Amino acid sequence: MTRGKPQNRTVFLRSVAIRIHNRAVKEWFKGTAEDDYETNNGINQHALLIEKNDAMLEVNTKLLLFKQLKESSEKENESEIILTPDYYNGGKVKDQPLVRLTFYKQELSNKTKKLIKGDKYQISFRLANETIYEYSKEKANKLALAIQREMATPPFEWNKGIYTAHYKDIEKGYRLGILCRDEAEGIRVIKAVLAIQNHTYQSDCFEFIKSGRDFPENPGTEVVYGQTRAKKNRRPRIQVPFRYAQLFPYGTSEAVNLVDTTGGLENPLVEL
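Take a look at the structure:
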């Protein structure tokens with residue numbers, strides 16, 4: 003069955019832009035959490051994503067800004083600070099592999115009554131003492147076994163909340179911002195991440211922040227273009243188990259799948 007000519011060309015163009023542009027933006031900021039509204043990469047990602055109710059002027063502006071961002075990143079001008087994945091949460095890094103841990107909860111769909119993936123939450127860190135030029139599959143296997151030990155057997159569960167536990171140790175590759183229910187939970191999650199590389203927790207690298215903003219458990223509804231919809235819960239209080247871990251060599255978007263508890267990743271080094 004062939005599709006007819008679009009009745010509304012503006013709506014058609016916007017839908018195509020959303021499909022193509024948003025996919026490219028998410029790929030560009032791969033490794034940035036979907037609920038990140040605090041880091042520069044997170045803010046940039048949300049600013050560039052096209053929404054279905056955007057006016058065409060907004061759509062064109064976002065397309066142009068993303069084009070300029072990509073062009074700027076290709077300039078080899080070390081005096082410029084360009085917010086691309088080549089920068090780790092605002093601190094420039096060179097040639098260091100990125101490790102990303104992914105957590106999510108399976109939820110029962112109201113429509114299909116089947117289990118579906120909930121929102122993904124991620125924790126990333128750099129292998130500060132390694133470079134992509136020296137990093138080998140043998141080292142990746144060793145890392146995968148360490149992640150299996152600390153995160154997968156049994157699956158580590160992260161209690162997310164509205165407060166932020168920061169841990170900054172750039173020399174060892176950490177600049178973490180862990181959303182958590184309380185300070186003790188933030189420290190627990192950070193220590194689990196550090197244990198992967200047998201790093202010792204340093205209290206002077208830690209900062210706990212209670213946001214001055216209100217994040218209600220039930221944010222209510224809002225009316226958009228005459229339709230009522232549920233507001234997004236920006237900081238849900240939720241328990242999310244570890245699902246998989248990936249390694250991203252610097253300058254590439256292709257992942258090395260380290261550990262997988264879902265059975266959905268191709269050729270993981272460790273599969274449970």
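Take the working numbering: the last position of the sequence shown gets the number 274, and nothing is skipped along the way. We put the CB at the ideal spot given by N, CA and C, even for glycine. Fair warning: this is a prediction, and the values are worked out from it, not measured in the lab.
Item	Value
Pick helix, strand or coil for Glu273, following the three-state DSSP scheme.	strand
For a quick check, are the C-beta atoms of Phe250 and Arg102 less than 8 Å apart?	yes
Just mark Arg11 as buried or exposed, buried being the case when its beta carbon has 16 or more other beta carbons within 10 Å.	exposed
Counting Cβ pairs closer than 8 Å, one from the region 232-239 and one from the region 132-151, do we hit at least three?	no
How long is the line joining the alpha carbons of Lys64 and Val242, rounded to whole angstroms?	32 Å
How should Ser138 be labelled, buried or exposed, when 16 other C-beta atoms within 10 angstroms of its C-beta is the threshold for buried?	exposed
Short of 8 Å in beta carbon distance, which residues of its chain neighbour Asp184, apart from the five on each side in sequence? Order them along the chain.	Gly163 and Tyr165
Would you list the one or two residues that DSSP bridges to Asn55?	Per DSSP, none; premise fails for Asn55.
Compute the Euclidean distance between the alpha carbons of Arg16 and Ile45, then round it to the nearest angstrom.	22 Å
Output the boundary residues of the beta strand (DSSP E) element that contains Asn259.	Val258 to Asp262
Would you list the residues sitting across from Phe105 in a DSSP beta bridge?	Tyr123 and Phe244
Excluding sequence positions up to five away, which residues of its chain have a Cβ less than 6 Å from the Cβ of Gly120?	Tyr106, Lys107 and Glu109
In angstroms with no decimal places, state the Cα-to-Cα distance between Tyr90 and Ala19.	Low confidence applies to Tyr90: its pLDDT is 41, below 50, so where it sits in the model is not reliable enough to give any reading.
Terminal residues of the continuous beta strand (DSSP E) containing Gln229?	Gln229 to Ala232
Would you list the residues sitting across from Thr223 in a DSSP beta bridge?	Ala232
State the CB to CB distance for the pair Thr133 and Asp97, rounded to an integer number of angstroms; the pair is presumed to be in contact (CB under 8 Å).	4 Å
Which of helix, strand or coil does DSSP assign to Leu129?	coil
If I'm right that Ile180 touches Ile192 with Cβ under 8 Å, what's the distance once you round it to whole angstroms?	6 Å
Considering only their Cβ atoms, is the gap separating Phe158 from Ala194 smaller than 8 Å?	yes
Hey, which unbroken runs of the beta strand (DSSP E) at 3 residues or more fall wholly within the region 158-193?	159-162, 165-171 and 176-182
In whole angstroms, what is the alpha-carbon distance linking Asn143 and Trp30?	27 Å
Tell me whether Ile83 is buried or exposed, calling it buried when 16 or more other Cβ atoms sit within 10 Å of its Cβ.	Only weak support exists for where Ile83 lies, its pLDDT of 30 falling under 50; the value from the coordinates is given anyway. By the 10 Å Cβ count, Ile83 comes out exposed.
Classify Ala232: buried if its beta carbon has 16 or more other beta carbons within 10 angstroms, exposed otherwise.	exposed
Have a look at the DSSP bridge pairing and note the partners of Leu249.	Val101 and Val258
Cα separation between Gln124 and Gly33?	7 Å
What does a CB cutoff of less than 7 Å around Leu260 pick up in its chain, not counting 5 residues either side in sequence?	Ala142, Leu145, Ala146, Ile149, Ala247, Gln248, Leu249, Pro270, Leu271 and Val272
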